[in-house]
Every structure is written in structure tokens, then in C-alpha cells.
Amino acid sequence: MNHEVTVLGAGVVGLTAAVTLAERGHRVRVVAEKSADADSAVAAALWAVPFVEQSERTRGWAYETLARLRRDAGPDTGIREQLCRVVGRAPSAGDPWTRGFTPPIRHASPDELPDGYGAGTVSSIPLIDMTRFLRWLRETLAHLGGTIHTRRVGALADLTSPGVTLVNAAGLGAGTLADDPSMRPVRSQVVRVANPGLAMTTIVRDGSLAPLFVVPRFDDVLIGGPVQNGVFDESPDPAVEADLLRRARLLEPALAQAPVLSRAVGHRPVRDTVRVESETRGGCRIVHCYGHGGAGIALSWGTARAAADLVEEAT
Ligand SMILES: Cc1cc2nc3c(=O)[nH]c(=O)nc-3n(C[C@H](O)[C@H](O)[C@H](O)COP(=O)(O)OP(=O)(O)OC[C@H]3O[C@@H](n4cnc5c(N)ncnc54)[C@H](O)[C@@H]3O)c2cc1C
Numbered sequence: 001m002n003h004e005v006t007v008l009g010a011g012v013v014g015l016t017a018a019v020t021l022a023e024r025g026h027r028v029r030v031v032a033e034k035s036a037d038a039d040s041a042v043a044a045a046l047w048a049v050p051f052v053e054q055s056e057r058t059r060g061w062a063y064e065t066l067a068r069l070r071r072d073a074g075p076d077t078g079i080r081e082q083l084c085r086v087v088g089r090a091p092s093a094g095d096p097w098t099r100g101f102t103p104p105i106r107h108a109s110p111d112e113l114p115d116g117y118g119a120g121t122v123s124s125i126p127l128i129d130m131t132r133f134l135r136w137l138r139e140t141l142a143h144l145g146g147t148i149h150t151r152r153v154g155a156l157a158d159l160t161s162p163g164v165t166l167v168n169a170a171g172l173g174a175g176t177l178a179d180d181p182s183m184r185p186v187r188s189q190v191v192r193v194a195n196p197g198l199a200m201t202t203i204v205r206d207g208s209l210a211p212l213f214v215v216p217r218f219d220d221v222l223i224g225g226p227v228q229n230g231v232f233d234e235s236p237d238p239a240v241e242a243d244l245l246r247r248a249r250l251l252e253p254a255l256a257q258a259p260v261l262s263r264a265v266g267h268r269p270v271r272d273t274v275r276v277e278s279e280t281r282g283g284c285r286i287v288h289c290y291g292h293g294g295a296g297i298a299l300s301w302g303t304a305r306a307a308a309d310l311v312e313e314a315t
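In the UniProt record's numbering, the protein residues as written are 1 to 315.
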């Protein structure tokens, strides 16, 4: 049976849900205030799962997404496989989440470690250029007959009506709209510089060192790392940017002359558990799909499939 579905949100979670529903033959319209400039556009973005519920179901969604990202890889989607090294001062036990990798995670050899770092791991994971990926999702949805309407919504009730299922994929905004106080922002600032020819992502993750990521993408390098829990502030701090650039240049000396192209602030929509569940309000069906934390891209196709299954359960 075909359903009529409204998806609230055109970040990565809403758009993958909309495309999945449209691929299954449902009539889909997306309503969102932002898309190209949604928080999803600020992400690095790697197949990685920080700041999110760590459970077997999220692990399943992550591996479901990994398979789809690899299937769709290419310049149009902005997805490509890239080596990623995670470095620190001392050897770590590795991340149990990624034990199913092919090729598997291996220890970095001494010549793969930056100066001053004693240990690290190297793996091959999808890297997603979010500008390209979000555009490709919007185009794919349009190709499948879905539509996108740009507007701010004051309440979920503005979008519900009998016979239409609403998918609430409004990221951080979903908390307010669904009267869910358990949502909180985890803020990060990033700076984008020209790519002098770097080809490997580096993540500094070590309890004794400030976090840092240096992610070479198709057209640029994205640098970020420090996080602020519970803080919402859209203005970039010049002092934080200067420190990010200083540390990234120590890690990758080739960045010394790379000009700054732009800067941005993003807020991860964090919740103790990702909410993928349905409810009925005033006789109308709502499927919630939000709270993806620092893993919205890495979980996206998995939660999109789960949300679409719930839509199809609706009577
Ligand atoms: C610096 C940084 C790096 C990151 N790196 C990674 C990474 O490497 N890998 C990874 O998987 N994740 C990463 N993330 C996390 C990832 O970006 C998020 O999990 C993801 O973007 C959440 O997507 P979303 O669609 O739920 O939310 P959003 O992208 O915020 O989209 C929400 C949508 O809802 C709409 N909306 C909200 N309220 C309303 C309203 N009232 N009316 C109308 N529309 C509304 C918005 O306009 C928008 O379209 C990173 C995040 C940051 C900040």
C-alpha cells in the first residue's frame, strides 16, 4: 500500500528518510527551514559514531549505512573511501564498533605517525562531502517525484492530518516540537582551508590530548575537534580558530600556507538514545527520527530504513 508522507527536516536524516520512502513508492513531501545550510552541512563527515547511543541497534544502523555509502560512492554523491588514521601518545585498544571493517583496522607503522605521536590505527572508511551529498539527496528525491517546501514550522500539528504520516526528522528542532526535553546541542567550530594535496584523514583521540580532526575532502580540508556540551552559539570564536589552525599545521606542516576558505559552527543533536518510534496524536500518525548526535551521517540510511518500516506499519 502506498502512503502519503510528510517529512519534517531536510538535513541528512530527513533527506535519507524521504529518499528511502520515495524509493519504496510512497508519495513524499519534505518541509524544512534549511537544507544546504542545515547543521548536517557542517559535518566533516566520516563514517564514525561519536556522541550517540552505543548499542546493538545503532551498530546495526551504522553497518547498514556503511554498505549503502560504499554502494553509492562517487563524485556526484560526494562519497569516497579514504584512509583515516587515529593517533595518540600511547597505543589504544581500538574502537570495538569498527571490528567488522573490511579491510580491517591495523596499527599505524612508525612512518605513518605524525611527529610527537607514539601510536595509532589506520582504516579505510567512507568520507562524505556534505555539500555534494545533500545536493545529491535532494536531486534523487526530486527524480523520484518527491518535493521540498522551504518554511519554518511552529508545531508538529501544523503538518499532521488524517491519512498523512508525519516523519519528524527536525534534528535539534525536533526536541522542542515533540516536547522532548532530553535533546541537547553539542557544539563544534570548524575551519575550512584549501587542500595542499593531503589525502589521509587524521584524528587525534587520546584522553590526555585535546581532540582534533584534519579531514581532506574533494576540494578542501576541514579542521575541527573541541566540543562544548549543552552550548548553543552560532558565532565562530577567532581564538578557537587560531588554535585549530596552529595545531593542524603542527600535525600537517603542508597546511602552513593553505588559505582559510570559510568557517562554520555546528550543533550535534544529542539525546541519550536515538528516537526512532511512532506515536498517534489526535488521530494522526507521527514517526519520530531524531537524536543522531555526532553520527547522523553514519546512521542515516539505517534509521531511514527503520523509519520507513514504521511508516508502512501505520494503518
Ligand atoms: C563539526 C561536526 C562534525 C561532525 N562530523 C560527523 C561525522 O564525521 N560523521 C557523522 O555521522 N556525523 C557527524 N556530525 C553529526 C551530524 O552532522 C549530525 O548528526 C547530523 O547532521 C544530524 O542531522 P539531522 O538531519 O538530524 O539534523 P539537521 O542537519 O540539523 O537537520 C534538521 C532539519 O530540520 C529542520 N528544522 C528544524 N526545526 C524546524 C522547524 N521548526 N521548522 C522547519 N524546519 C525545521 C532544519 O531546517 C533542517 O532541515 C558532525 C557534526 C558536527 C557539528
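Every residue, glycine too, gets a C-beta built ideally from N, C-alpha and C.
For Phe-213, the uninterrupted beta strand (DSSP E) run begins and ends at 212–216, by DSSP. The three-state secondary structure of Arg-89, taken from DSSP, is coil. Secondary structure of Glu-277 (DSSP, three-state): strand. In its chain, beyond the 5 residues on either side, Leu-166, Cys-284 have a beta carbon closer than 6 Å to the beta carbon of Thr-160. Here the alpha carbon of Arg-57 sits roughly 10 Å from the alpha carbon of Ala-306. Relative to ligand 1, even the nearest heavy atom lies 7 Å or more away from the CB of Leu-69. The three-state secondary structure of Arg-29, taken from DSSP, is strand. Taking 8 Å as the upper bound for CB-CB distance, Ser-40 and Gly-296 are in contact here, some 6 Å apart. Under the 8 Å Cβ criterion, the stretch 111–131 does not count as touching the stretch 264–275, having fewer than three qualifying pairs. In the DSSP assignment, Asn-168 is bridged to Leu-8, His-288.
If only uninterrupted beta strand (DSSP E) runs of at least 3 residues are considered, those enclosed by the stretch 194–266 are 201–204, 212–216, 220–224, 227–229. For Thr-160, no beta strand (DSSP E) run applies, since DSSP gives it neither H nor E. Annotation: Asp-220 to Pro-211 spans about 20 Å, alpha carbon to alpha carbon. Going by DSSP, Ser-109 is part of no alpha helix (DSSP H) at all; its letter is neither H nor E.
Look at Arg-184 here: in three-state DSSP terms it is strand. Beta-bridge annotation (DSSP): Gln-189 is paired with Val-265. When the Cα atoms are used, Gly-291 and Val-30 turn out to be separated by approximately 19 Å. Within the DSSP secondary-structure output, Leu-83 pairs in a beta bridge with Ser-124. Note on geometry: alpha-carbon atoms of Ala-108 and His-143 lie some 43 Å from one another. In its chain, beyond the 5 residues on either side, Ala-44, Thr-201, Leu-222 have a beta carbon closer than 6 Å to the beta carbon of Val-215.
Not one heavy atom of ligand 1 falls within 7 Å of the beta-carbon of Glu-277.
A Cβ-Cβ separation of about 6 Å places Arg-106 in contact with Val-122 under the 8 Å criterion. Put simply, of Arg-246, Gly-197, His-3 the residue whose alpha carbon is nearest the alpha carbon of Ala-22 is His-3. In the three-state scheme derived from DSSP, where H, G and I count as helix and E and B as strand, Gly-146 is classed as coil. A distance criterion of 7 Å places the beta-carbon of Ala-73 beyond contact range of ligand 1, judged by its closest non-hydrogen atom. In this structure, the CA atom of Glu-139 is about 42 Å from the CA atom of Ala-119.
Contact check between the stretch 191–210 and the stretch 67–74: fewer than three CB pairs, one atom from each, fall below 8 Å, which does not count as touching. Under the 10 Å beta carbon count, Thr-176 is surrounded by fewer than 16 other beta carbons and is classified as exposed.
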